[in-house]
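So in the numbering used here, the last one in the sequence shown is 467, and the numbering has no gaps at all. Note that CB positions come from ideal geometry on N, CA and C, so glycine has one too. None of the values given here were measured: they were computed from a predicted structure. A quick write-up on the structure given underneath.
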Amino acid sequence: MEAADKMDDNEWNYHGEGNKSLVVSHVQMSRVLRLLKYSSEDAENAPQTTEEAFRQMENIVDFSNNVMSPLLGDKFVHSGEVVKLPLEFVRQLSIKVQHQRPAWRCDKVMDIYSGAALCLPNLTAPSIQTHTPPLCIEIKPKCGFLPSPEHVSKDIKTKVCRYCMHQQYKVANGKWKRKSLYCPLDLFSGNKQRMYFAIKHLIEEPQNNFKIFKGGQCIHGDRDELLSVSSLLQKLRPYFTCGNGRNKAVLHDFIQVLVDSLLSSDEEGDEGMEREGRTVCEASLCSTELIRTGPQPLPRDSVLGRILQVQLLDSLDIEGLFPLYRRVEQYLHHFPKERSRLQIDGPYDKAFLEKLQKCPREDDGSIEYAVAKVQQYRIAMTAKDCSIMVTLVPRRDEEDGSDRGAAFSFSASILDLDPKPQDSVRRQQRLDHHVVAAYLRDDPGPR
Ligand code: ATP
Ligand code: MG
Ligand code: ZN
Ligand code: MG
């Protein structure tokens, strides 16, 4: 990182943003800065003190390093470091990026008061030099399993996945104009044909779940002008020359390479995860034929396998978890000082993860059990909200031993691993109720 006083906003460009943070990338170095955002409605109260902002950033790094990285595998996780930026630089930056931000994200503004930021490697612009720029594909896969029937009150939750129900809710509430046909259960199925369809649907309706970067620039997804599939294929054509460059062949080869990289595993003889059913969503349009071929094992050590295993820490569903959350809240109400001993909001150190891993299997009525289950749920929430970044680096012709025409070396990373705050559990419980109720109202199913 440069010395803070040398920061020049001309060297940083808008790169992208989510609901919580805005990201700028350096024009030369393979680096990004991730700054927090807050809602412009409560602009007066939102800017925290500088110390608070820094503590929040440190918490994010600790959580990523000491909790998510051991669970997901350190080869996938890059936690970055907290940096202090000159306020003048941050202010200039916020003015500069404003007009490039998608309109629907502008309900929030960038934090220009604390000077706190996270500095991370730019995963869309790896520093390796290649004759053709690498392609990076970002997927926000969301939750890849159905909850177990013993914990849910509505049968529909064991049949239709949360993402598909939520889609209907979001379209009804005007968040998106069109429904996405993507279903996470197809992506996590391990069945290559189902994964193929899942990715095809992500390309067609990316919403905030899919982006493609070429040489560090977003070329598909994110903004309205980057949604056309035919112009995407135009841009992908030079990478997939084998099928005479026909659109269908380009799309096919692209998705195939992506599926292979999502399933790739370093573990010798990776036999795949044991799945107890719960792998098929009734709302998915994947033909029943495909579904019947059954799930193929999802390699444990693949990027999807690792994410799914962490998502499965949500073993009780929000409905089974909520009574435990209430036990914790009541306890903290009576003994507020216990909050820090129980590490409710961190510190996310090694002891934090050890406590969770030692959690008894059965509820012994203790506060420790309840806290551990709530923390496991919060970790699962992070894994349901993270993104995968797949990097495809074209191999030079002489290295290309096969005659497949398109040959890439690939790698995967996982990003956006922020801890979810304790009170997000309560929000999740309300949202779950609304999403399910709305789905049942619009789609009462067979009568
Ligand atoms: P969400 O709303 O999904 O929670 P967020 O606000 O937490 O998102 P991120 O997902 O971390 O923010 O970052 C926003 C976007 O910036 C990402 O979707 C990705 O496109 C880009 N981005 C983030 N980190 C990196 C990185 N290290 N390298 C390249 N691009 C990045
Ligand atoms: Mg994100
Ligand atoms: Zn689904
Ligand atoms: Mg996030």
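Range of the contiguous alpha helix (DSSP H) that encloses residue i
i, result
"Glu72", "Thr70 to Phe83"
"Ser251", "Val249 to Leu256"
"Tyr351", "Asp337 to His354"
"Asn193", "Careful: Asn193 lies outside any alpha helix (DSSP H) and carries neither H nor E."
"Ile176", "Taken as a continuous stretch (DSSP letters only), Ile176 belongs to no alpha helix (DSSP H), as it is neither H nor E."
"Ser200", "Premise fails: Ser200 is in no alpha helix (DSSP H) and is neither H nor E."
"Ser134", "Segment: none, Ser134 is in no alpha helix (DSSP H) and carries neither H nor E."
"Ser89", "Ser89 to Leu92"
Outcome for residue i when other beta-carbon atoms lying within 10 angstroms are tallied against a minimum of 16
i, result
"Gly385", "exposed"
"Ser134", "buried"
"Ile232", "buried"
"Thr402", "buried"
"Ala426", "For Ala426, the predicted structure reports a pLDDT of 45, less than 50, and the residue's modelled location is therefore unreliable. A value from the coordinates is still provided. The residue in question, Ala426, is buried, as its Cβ has 16 or more Cβ neighbours within 10 Å."
"His35", "buried"
"Ala371", "exposed"
"Asp28", "exposed"
"Phe355", "exposed"
"Lys162", "buried"
"His119", "exposed"
"Pro319", "buried"
"Asp94", "exposed"
Where residue i sits in the DSSP three-state scheme
i, result
"Met409", "strand"
"His151", "coil"
"Ile239", "strand"
"Tyr58", "strand"
"Val455", "helix"
"Val110", "helix"
"Leu207", "helix"
"Cys139", "strand"
"Glu382", "coil"
"Val330", "helix"
"Ala426", "Residue placement at Ala426 is poorly supported in this model, since its pLDDT is 45, which falls under 50; the coordinates are not used for a value here."
"Lys186", "A quick correction: the sequence has His, not Lys, at residue 186. His186: helix per DSSP, three-state reduction."
"His98", "coil"
"His46", "strand"
"Gln227", "coil"
"Glu287", "coil"
"Gly325", "helix"
"Ala23", "Note that Ala23 has pLDDT 48, beneath the 50 cutoff, so the model's placement of it is unreliable and no number is given."
"His221", "helix"
"Gln316", "coil"
"Asn264", "coil"
"Gln118", "helix"
"Arg467", "Residue placement at Arg467 is flagged as unreliable, the pLDDT there being 44, under the threshold of 50; a coordinate-derived value is accordingly withheld."
"Met293", "coil"
Those residues which DSSP pairs with residue i across a bridge
i, result
"Ser431", "Thr411"
"Cys156", "Phe233 and Thr411"
"Arg446", "Paired residues: none, contrary to the question."
"Ile364", "Gly366"
"Ser41", "Leu56"
"Arg51", "Pro141"
"His272", "DSSP, once it has assigned bridges, lists no residue as partnering His272."
Check: residue i C-beta below 6 Å from any heavy atom of ligand 3
i, result
"Ser200", "no"
"Ser304", "yes"
"Cys181", "yes"
"Cys163", "no"
"Leu324", "no"
"Leu166", "no"
"Leu205", "yes"
"Cys126", "no"
"Cys184", "yes"
"Cys301", "yes"
Near ligand 1: residue i beta-carbon under 6 Å from a heavy atom
i, result
"Ser41", "yes"
"Thr144", "yes"
"Leu9", "Absent from the structure is residue 9, since the part of the chain shown begins at 21 and ends at 467."
"Glu101", "no"
"Leu140", "yes"
"Val52", "yes"
"Glu158", "yes"
Residue i CB to nearest heavy atom of ligand 4 below 6 Å
i, result
"Gly241", "no"
"Gly38", "yes"
Closer than 6 Å: residue i CB and nearest ligand 2 heavy atom
i, result
"Asn438", "Here residue 438 turns out to be Asp, not Asn, going by the sequence shown. Checking the Cβ of Asp438 against ligand 2 gives no."
"Ser281", "no"
"Ser407", "yes"
Where the beta strand (DSSP E) containing residue i begins and where it ends
i, result
"Lys128", "Lys128 to Met130"
"Asn33", "Trp32 to Glu37"
"Ala303", "No beta strand (DSSP E) contains Ala303, which DSSP labels as neither H nor E."
"Glu101", "Glu101 to Lys104"
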